[in-house]
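Numbering (full-length UniProt numbering), first residue to last: 1 to 266. Let me begin by presenting the structure, written as structure tokens, before commenting on it.
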């Protein structure tokens, strides 16, 4: 069975540091992508060699969402040294430099290895920043944009209900996965979003206000897609989410088959 790395986030509470990932990602991946899971811990120091060894054992990568936003100071495309993140730089539900540092190493390694990649919410934004794109720091500050944040007056589960359409772009990877282009309904729980799409990405879906809600890596040769919404949350009742996870799982299975053949040939 394919082995997929799932990015964790740092949680600092009462001075105690934890690695955490929402169970819904794991449940969706196991049930609908049919893959095994390994949680990728955040990083406090640079360890590119360790990341490369880990990525070489994977058949796919999931860049999960989180309440925190990307800090450009830690997420840069070049291989120049970064300042080690400190506990003081972490702000719960705002900044997670430990996650930023980990993804800034694991993402280029995964891309170079040609792994299937699924980015969700923050994960789409990480793809865009890595390839040189720009983000809105706060979408709601623009009066011409939709409200993309969750309604906090609702119960948590209802905050993940569909709230607006996105138009799937004809001829793209997402349209091929879904079997058609056109509008689909998605949830929306984010304050950041793509302001300028990176040149290394293709637009896959757009919200009514023009915000890019899904993108794929250009000329990837495999499933390397990010979506701004959360398909993992109500996947049991959503055909689009099931197809998205199934397509990712199929790409991971294909990658595993090729990797095992290559390993036996060595």
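The beta carbon of each residue, even a glycine, is placed where N, CA and C say it ideally should be.
According to DSSP, simplified to helix, strand and coil, what is residue i?
i, result
"residue 135", "strand"
"residue 129", "helix"
"residue 52", "helix"
"residue 123", "helix"
"residue 40", "strand"
"residue 153", "coil"
"residue 141", "helix"
"residue 31", "helix"
"residue 269", "Within the shown structure, residues of the chain are numbered from 1 to 266, placing residue 269 beyond reach of any answer."
"residue 213", "strand"
"residue 61", "strand"
"residue 193", "strand"
"residue 70", "coil"
"residue 3", "strand"
"residue 146", "coil"
"residue 45", "coil"
Going by alpha carbons, who is nearest to residue i out of the options?
i, options, result
"residue 285", "84, 53, 58", "With the chain covering 1 to 266 only, the question about residue 285 has no answer from this structure."
"residue 48", "176, 102, 35", "102"
"residue 219", "89, 237, 199, 227", "199"
"residue 9", "29, 203, 35, 100", "100"
"residue 71", "254, 83, 113, 62", "83"
"residue 243", "194, 34, 111", "34"
"residue 1", "31, 114, 197", "31"
"residue 62", "87, 93, 130, 29", "29"
"residue 93", "122, 114, 112", "122"
"residue 113", "231, 178, 223", "223"
"residue 162", "257, 90, 237", "237"
"residue 90", "118, 52, 13, 160", "13"
Taking residue i as part of the alpha helix (DSSP H), name the residues at either end of that continuous run.
i, result
"residue 112", "97-113"
"residue 256", "239-265"
"residue 27", "23-28"
"residue 176", "173-178"
Drop a sphere of 10 angstroms on the beta-carbon of residue i, count the other beta-carbons inside from all chains shown, and report buried for 16 or more, exposed for fewer.
i, result
"residue 248", "buried"
"residue 66", "buried"
"residue 185", "exposed"
"residue 233", "buried"
"residue 173", "buried"
"residue 144", "exposed"
"residue 241", "buried"
"residue 154", "exposed"
"residue 213", "buried"
"residue 156", "exposed"
"residue 229", "buried"
"residue 68", "buried"
"residue 97", "buried"
"residue 226", "buried"
"residue 64", "buried"
"residue 17", "exposed"
"residue 95", "buried"
"residue 7", "buried"
Which residues mark the beginning and the end of the beta strand (DSSP E) in which residue i is found?
i, result
"residue 188", "Looking at the DSSP string, residue 188 is not in any beta strand (DSSP E), and its letter there is neither H nor E."
"residue 92", "Neither: residue 92 is in no beta strand (DSSP E) and is coded neither H nor E."
"residue 12", "9-13"
"residue 233", "Premise fails: residue 233 is in no beta strand (DSSP E) and is neither H nor E."
"residue 224", "224-227"
"residue 267", "The structure shown does not extend to residue 267, since the chain spans only 1 to 266, so no value can be given for it."
"residue 163", "Careful: residue 163 lies outside any beta strand (DSSP E) and carries neither H nor E."
"residue 18", "16-20"
Can we count residue i as close to the ligand ATP, meaning its CB is less than 7 Å from some heavy atom?
i, result
"residue 199", "With respect to small molecules bound, the structure shown includes none, and the ligand ATP cannot be examined in it."
### Task
Check whether the region 193-211 touches the region 161-179, counting contact only when three or more Cβ pairs, one atom from each stretch, lie closer than 8 Å.
yes
### Query
At a cut of 8 Å, does the region 130-142 reach the region 239-253 through at least three beta carbon pairs?
no
### Query
Okay, do the region 248-266 and the region 38-46 touch, 3+ Cβ pairs below 8 Å being the bar?
no
### Query
Using 8 Å as the Cβ pair cut-off and three pairs as the minimum, do the region 122-138 and the region 92-107 touch?
yes
### Message
Taking 8 Å as the cut-off, does the region 143-163 touch the region 189-202 (at least 3 CB pairs, one atom from each stretch)?
### Response
yes
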